[in-house]
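Engineer: Chains as they are written, first to last, in the working numbering: chain A, 161 to 309; chain B, 27 to 550.
Don't be surprised by glycine CBs; every beta carbon is placed ideally from N, CA and C.
Bear in mind that the values here come from a model prediction, so they are computed numbers and not experimental data.
Structure in structure tokens, see below.
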Amino acid sequence: MTQRARNLTSSVVLMAVTLYWYRTADAYRPLSRFYPQVVAGIVFVLAAVLGILTLIGHGPVIVIAEGDATNRHVRAGTLMAALVLWTVLVPILGLLPASILGVTVMGLISFRGHEGTLRAILVAVVSVIVFYFLFERLLYVPFPMGVFQ
Amino acid sequence: MSGILTSALAGVLEPVSLLLIVFGTSAGIVVGALPGLTATMAIALLVPFTFGMSPIHGLVLLGAIFSGAIYGGSFSAILINTPGTPSAIATTFDGYPMAQKGEAYRAIVTATLASVFGGLVGVGFLIFLSPPLARASLRFGPPEYFWLAMFGLTIIAAVSPRSTLKGLVGGGIGLLIATVGIAPIEGSVRYNFGTVSLQGGISLIPALIGFFCIPEVFRMVEESRQSGTVIPYKRQRRMVLRVFHALLRRPWLMIRSSLLGTLIGIIPGAGGNIAGLVSYNEAVRESKNKDRFGKGAMEGVAAAETANNASVAGALIPMLTLGVPGAPPAAVLFGALLLQGMRPGAELFTVHARITYAFLFSLILANVAMLPLGLLLGKAIARLMHKVRIQTMAPLIVFLSMIGSYSIYNNIADIYVMVATGLLAVMLRKAGFLPGPIVLGLILSPIAEQGLMQSILMGRARGSLFMVFFGRPISLILIALTLLSIVTPIIVQWRSRAETVHHGPVHHGPVPVVREGDAEGDDL
Chain A
161 MTQRARNLTS SVVLMAVTLY WYRTADAYRP LSRFYPQVVA GIVFVLAAVL
211 GILTLIGHGP VIVIAEGDAT NRHVRAGTLM AALVLWTVLV PILGLLPASI
261 LGVTVMGLIS FRGHEGTLRA ILVAVVSVIV FYFLFERLLY VPFPMGVFQ
Chain B
27 MSGILTSALA GVLEPVSLLL IVFGTSAGIV VGALPGLTAT MAIALLVPFT
77 FGMSPIHGLV LLGAIFSGAI YGGSFSAILI NTPGTPSAIA TTFDGYPMAQ
127 KGEAYRAIVT ATLASVFGGL VGVGFLIFLS PPLARASLRF GPPEYFWLAM
177 FGLTIIAAVS PRSTLKGLVG GGIGLLIATV GIAPIEGSVR YNFGTVSLQG
227 GISLIPALIG FFCIPEVFRM VEESRQSGTV IPYKRQRRMV LRVFHALLRR
277 PWLMIRSSLL GTLIGIIPGA GGNIAGLVSY NEAVRESKNK DRFGKGAMEG
327 VAAAETANNA SVAGALIPML TLGVPGAPPA AVLFGALLLQ GMRPGAELFT
377 VHARITYAFL FSLILANVAM LPLGLLLGKA IARLMHKVRI QTMAPLIVFL
427 SMIGSYSIYN NIADIYVMVA TGLLAVMLRK AGFLPGPIVL GLILSPIAEQ
477 GLMQSILMGR ARGSLFMVFF GRPISLILIA LTLLSIVTPI IVQWRSRAET
527 VHHGPVHHGP VPVVREGDAE GDDL
């Protein structure tokens, strides 16, 4: 995705979100809706300016990162999916099993192609178990247990 | 007052506090030295750990990590030409060339002494400026707080000149996110999407962890970059004394860099990276022998490191006195204060004076501790930089973010908030919106809304909205500053474009490996 496409997409998405924000606020009491509507209005104008500047070729350019873009996006997409899955599994399996699974999957995505992948994942899993019991036993944090409750 | 100061000093000199200072500073140095791990991330991850500690111990630990991490960034800047934290960008300009010439140890000693000096001067300003500023904040009414928030938001534009518009939009996004929850006036429940857990609003600490830690995890995994070759070095006898004498012969450089660092740190949104770059530029501009810079000039390292460490305390001045954080790590410390039931402002220097002064004194000790710890740990840090593949930290950081967010209120909804804000930050970063301005908006929004709505009510009662908003001297000063912060970047952009057209871009020395967004006032 080019910088121009990113700017245009974010401009359109932001305008849509701020419109939603503005319209939703109509349901609130007058003094409760005033501030969010003012802020939504300002962000809407700024997003429109971003879109217009981009269309006329004067949009802001920020270098995102170097390297192979496709590979980066694939990694980012997989990582996002893994993170969401990990979060969804926490109330079902409990924090510890979900995290061991999450760390392993995320480890495979992160260390793929590097030396010592297995060892790195093992270290991460052991660290998770250590931190979990540190919090549970020493700081008395009652973590969600899920089906194991 | 002297009783409070003595009691605060006693609190810092307790064995546990001293141990936490040593541990925090050492951990901060290590975190700062490893490219990819930032001071903000370290503080955000550790805030939940400090919840169970006494306020003094918790703040002492976080302050020591903040100071240590900004200094630690100089190690990788000097030894592998990659700033460990964005604050150390300017350190690479001369630090790495010094290392290439076989003067790595001299560069490290220079960075260490300069960091200690800058840090101590900054803390000096923090201790002497904060109480009167906090007292002055008592004169602030709702209109002044509203304009203060506006100034804090528009200053984002001034400190991110390459992306003024995106900085402002980012601030606006933060303001919008903060409107979730119960309205301060009339109490409507806003934007909770039918869930009870959002009625109280977005939890600040999980949101801060999400905004600052998750994008870093993605960056680690996506870039998958191998650390550069670490330049080996040997300790040399009497080097500390030699560098100390050399710096003594440049008092103006040290004083100017400290003042610049402190002042830039005070400006909301500007952090150690900008402080280091501005101070370096000034050192070049003032030098009679400009050609030496970029090729291993010791003054370059000293200027950058003095300023970025002075900015640590500078960033805490507006945070402690007005509740407006000067830099992302200060924003996280703001959250830590709220967690301990302490609201920034005059109250910190009256009701919580013992804790506040103990925290300030601990920063002095943390800066002093950097000298032996930095020089002793140097070799081990170099080995660590060589061995640790930063990607191995990614899953563990996500796990710590999860348990950190959860354990504050033992609420699973906070994990969702952390993950949601984290993923939002990742997507926004890809679109060019950096987390710094968004978080500033998130923090300033309640101040802005309360100030705006109360001022409107005052105006209705007095029959003149105009006089409430524009008829008070402090408000007028803040309005002038707000306008200045909007106009200045436009002029700077216009002038730099004109200069580029006439002279073309100027570059000195080797190109450091700088990560995305580092030069944008993004993070520390």
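Suppose you measure from the CA of B:Gly144 to the CA of A:Ala236; what does that come to, to the nearest Å?
Structural biologist: Stepping through the second sequence from its first residue, residue 144 of chain B is reached at position 118. Stepping through the first sequence from its first residue, residue 236 of chain A is reached at position 76. When rounded, the distance between both Cα atoms is 39 Å.
Engineer: With respect to the alpha helix (DSSP H) encompassing B:Asn437, which residues constitute its N-terminal and C-terminal limits?
Structural biologist: Position 411 of the second sequence, counted from the first residue, corresponds to residue 437 of chain B. Per DSSP, B:Asn437 belongs to no alpha helix (DSSP H) and is neither H nor E.
Engineer: Is DSSP giving B:Gly50 helix, strand or coil here?
Structural biologist: Numbered from 1 along the second sequence, position 24 holds the residue referred to as residue 50 of chain B. B:Gly50: helix per DSSP, three-state reduction.
Engineer: Closer than 8 Å between beta carbons: that is the criterion. Which residues of the stretch 287 to 303 of chain A meet it against chain B?
Structural biologist: Listed by position along the chain: Ser287, Val288, Phe291, Tyr292, Phe295, Leu299, Val301, Pro302 and Phe303.
Engineer: Does the beta carbon of B:Ile429 sit closer than 8 Å to a beta carbon anywhere in chain A?
Structural biologist: Position 403 of the second sequence, counted from the first residue, corresponds to residue 429 of chain B. Yes - at least one Cβ of chain A is within 8 Å of the one on B:Ile429.
Engineer: Considering only the alpha carbon of each residue, which of A:Tyr300, A:Ser270, A:Val286 and A:Leu298 lies closest to B:Val247?
Structural biologist: Counting from 1 along the second sequence, the entry for residue 247 of chain B is found at position 221. Nearest of A:Tyr300, A:Ser270, A:Val286 and A:Leu298 to B:Val247, Cα basis: A:Ser270.
Engineer: Mapping DSSP to helix, strand and coil, what is B:Gly371?
Structural biologist: The residue labelled residue 371 of chain B in the question sits at position 345 within the second sequence. Here B:Gly371 sits in coil by DSSP.
Engineer: Evaluate A:Leu197 with the Cβ neighbour count: other Cβ atoms within 10 Å of its Cβ, from every protein chain shown; 16 or more gives buried, anything less gives exposed.
Structural biologist: For the purposes of this step, residue 197 of chain A is taken as the residue at position 37 of the first sequence. The amino acid at residue 197 of chain A is misidentified as Leu; the sequence shows Gln. Buried, since its Cβ has 16 or more Cβ neighbours within 10 Å.
Engineer: Do you know whose CA, among B:Phe387, B:Tyr435 and B:Ile91, lies nearest B:Glu40's CA?
Structural biologist: By one-based count along the second sequence, residue 40 of chain B stands at place 14. Looking at the Cα atoms, B:Phe387 is the closest of the given residues.
Engineer: In terms of residues, what are the limits of the alpha helix (DSSP H) holding B:Met79?
Structural biologist: As a working note, residue 79 of chain B is residue 53 in the second sequence. Where B:Met79 is concerned, there is no enclosing alpha helix (DSSP H), given that its DSSP letter is neither H nor E.
Engineer: Give a yes or no on whether the C-beta atoms belonging to A:Met305 and A:Gly254 are separated by under 8 Å.
Structural biologist: Within the first sequence, numbered from 1, the residue matching residue 305 of chain A stands at position 145. Within the first sequence, numbered from 1, the residue matching residue 254 of chain A stands at position 94. Taking 8 Å as the Cβ cut-off, A:Met305 and A:Gly254 qualify as a contacting pair.
Engineer: So which residues of chain B does A:Thr184 contact, with C-beta pairs closer than 7 Å?
Structural biologist: Locating residue 184 of chain A in the first sequence gives position 24, where the first residue counts as 1. Under the 7 Å cutoff, chain B gives Tyr217.
Engineer: Under a three-way DSSP split, which group does B:Ile211 fall into?
Structural biologist: One-based indexing of the second sequence puts residue 211 of chain B at position 185. In the structure shown, B:Ile211 sits in coil (DSSP, three-state: anything other than H, G, I, E or B).
Engineer: Step through the CB atoms of chain B and report whether any lies within less than 8 Å of the CB of A:Phe308.
Structural biologist: Counting from one through the first sequence, the residue named residue 308 of chain A turns up at place 148. False, the Cβ-Cβ gap to chain B never drops below 8 Å.
Engineer: CA-CA distance, B:Glu353 and B:Ser33?
Structural biologist: The residue labelled residue 353 of chain B in the question sits at position 327 within the second sequence. The residue labelled residue 33 of chain B in the question sits at position 7 within the second sequence. This sequence places Ala at residue 353 of chain B; Glu is not what is there. For B:Ala353 and B:Ser33, the distance between alpha carbons rounds to 29 Å.
Engineer: Whose C-beta lies closer than 7 Å to the C-beta of B:Trp173 among residues of the same chain, with five residues either side of it excluded?
Structural biologist: Here residue 173 of chain B refers to the residue found at position 147 of the second sequence. Taken in chain order, the residues that qualify are Ser501, Leu504, Ile505 and Thr508.
Engineer: On a Cα-Cα basis, can you pick out the residue from B:Lys321, B:Pro277 and B:Ala330 that is closest to B:Gly302?
Structural biologist: Numbered from its first residue, the second sequence carries residue 302 of chain B at position 276. Nearest option by C-alpha distance: B:Ala330.
Engineer: What do you get for B:Ala357, buried or exposed, if any count of 16 or more other CB atoms within 10 angstroms of its CB means buried?
Structural biologist: To locate residue 357 of chain B, count along the second sequence from 1; it is residue 331. Its Cβ being crowded by 16 or more others within 10 Å, B:Ala357 is buried.
Engineer: Using 8 Å for Cβ pairs, my map puts B:Pro421 next to A:Met266. What's the rounded Cβ distance?
Structural biologist: What you label residue 421 of chain B is simply residue 395 of the second sequence in a count that begins at 1. What you label residue 266 of chain A is simply residue 106 of the first sequence in a count that begins at 1. Contact flag correct, Cβ pair sits at about 4 Å.
Engineer: Can you give me the Cβ contacts of A:Gly262 inside the same chain, cut-off strictly under 6 Å, excluding the 5 residues immediately before and after it?
Structural biologist: Taking the first residue of the first sequence as position 1, residue 262 of chain A is located at position 102. Excluding positions up to five away in sequence, the list reads Trp246.
Engineer: Kindly indicate which three-state DSSP category B:Arg521 falls into: helix, strand or coil?
Structural biologist: Counting from one through the second sequence, the residue named residue 521 of chain B turns up at place 495. It is helical.
Engineer: Can you list, in chain order, the residues of its chain with a C-beta nearer than 7 Å to that of B:Val350? Leave out the 5 residues immediately preceding and following it.
Structural biologist: For the purposes of this step, residue 350 of chain B is identified with residue 324 of the second sequence, where counting begins at 1. Closer than 7 Å at the Cβ level, and outside the excluded window around B:Val350, lie Leu174, Gly178, Pro294, Pro344 and Leu470.
Engineer: How about B:Asn436 and A:Pro257: do their beta carbons lie closer than 8 Å?
Structural biologist: Position 410 of the second sequence, counted from the first residue, corresponds to residue 436 of chain B. Position 97 of the first sequence, counted from the first residue, corresponds to residue 257 of chain A. In this structure, A:Pro257 does not lie closer than 8 Å to B:Asn436 by Cβ.
Engineer: From the beta carbon of B:Gly198, is the nearest beta carbon of chain A less than 8 Å away?
Structural biologist: By one-based count along the second sequence, residue 198 of chain B stands at place 172. Chain A, which has a Cβ nearer than 8 Å to the Cβ of B:Gly198, makes this yes.
Engineer: Flag B:Thr418 as yes if its beta-carbon sits less than 8 Å from any beta-carbon of chain A, otherwise no.
Structural biologist: In the second sequence, the residue the question calls residue 418 of chain B occupies position 392. By this cut-off, B:Thr418 is an interface position.
Engineer: Our contact map puts A:Ser192 next to B:Ala487 with C-beta atoms below 8 Å; I'd like the distance itself, whole angstroms only.
Structural biologist: Along the first sequence, read from residue 1 onward, the residue named residue 192 of chain A stands at position 32. Along the second sequence, read from residue 1 onward, the residue named residue 487 of chain B stands at position 461. At roughly 19 Å, the Cβ-Cβ gap does not stay under 8 Å, so A:Ser192 and B:Ala487 are not in contact.
Engineer: With 8 Å as the threshold, decide whether the Cβ of A:Arg164 is near any Cβ in chain B.
Structural biologist: Here residue 164 of chain A is taken as the residue at index 4 of the first sequence, counted from 1. No, its Cβ sits nowhere closer than 8 Å to a Cβ of chain B.
Engineer: Check B:Arg263 in the structure and name its three-state DSSP category.
Structural biologist: Mapped onto the second sequence, residue 263 of chain B falls at position 237. Three-state result, B:Arg263: coil.
Engineer: Ordered along the chain, which non-local residues of its own chain (more than five positions away) have a Cβ less than 6 Å from that of B:Leu234?
Structural biologist: In the second sequence, the residue the question calls residue 234 of chain B occupies position 208. Only Ala70, Val358 and Gly361 meet the Cβ criterion.
Engineer: Keeping to the same chain, check which residues put their C-beta closer than 6 Å to that of B:Ala140; ignore five residues upstream and five downstream.
Structural biologist: In the second sequence, counting from the first residue as 1, residue 140 of chain B sits at position 114. Once the five neighbours on either side are set aside, the close Cβ partners of B:Ala140 are Ala328, Glu331 and Thr332.
Engineer: Measuring only the C-alpha atoms, how far is B:Tyr306 from B:Gly326?
Structural biologist: The residue labelled residue 306 of chain B in the question sits at position 280 within the second sequence. The residue labelled residue 326 of chain B in the question sits at position 300 within the second sequence. Roughly 6 Å separates the two Cα atoms.
Engineer: Does the distance from the C-beta atom of B:Gly148 to that of B:Ser283 stay below 8 Å?
Structural biologist: Locating residue 148 of chain B in the second sequence gives position 122, where the first residue counts as 1. Locating residue 283 of chain B in the second sequence gives position 257, where the first residue counts as 1. Their beta carbons are not under 8 Å apart, which means B:Gly148 does not touch B:Ser283 by this criterion.
Engineer: Residues bridged to A:Arg193 by DSSP?
Structural biologist: Sequence index remark: in the first sequence, residue 193 of chain A carries index 33 (1-based). Answer is none; A:Arg193 lacks a bridge partner.
Engineer: Between B:Leu454 and B:Arg261, what straight-line distance do the alpha-carbon atoms span, to the nearest angstrom?
Structural biologist: One-based indexing of the second sequence puts residue 454 of chain B at position 428. One-based indexing of the second sequence puts residue 261 of chain B at position 235. If I take the Cα positions, the gap works out to 45 Å.
Engineer: In the DSSP assignment, the alpha helix (DSSP H) including B:Ile199 goes from what residue to what residue?
Structural biologist: Taking the first residue of the second sequence as 1, we reach residue 199 of chain B at position 173. Thr190 to Ile203 is the extent of the alpha helix (DSSP H) around B:Ile199.
Engineer: Would you report the Cα separation of B:Pro232 and B:Pro398, rounded to the nearest angstrom?
Structural biologist: As a working note, residue 232 of chain B is residue 206 in the second sequence. As a working note, residue 398 of chain B is residue 372 in the second sequence. Distance between the alpha carbons of B:Pro232 and B:Pro398: 35 Å.
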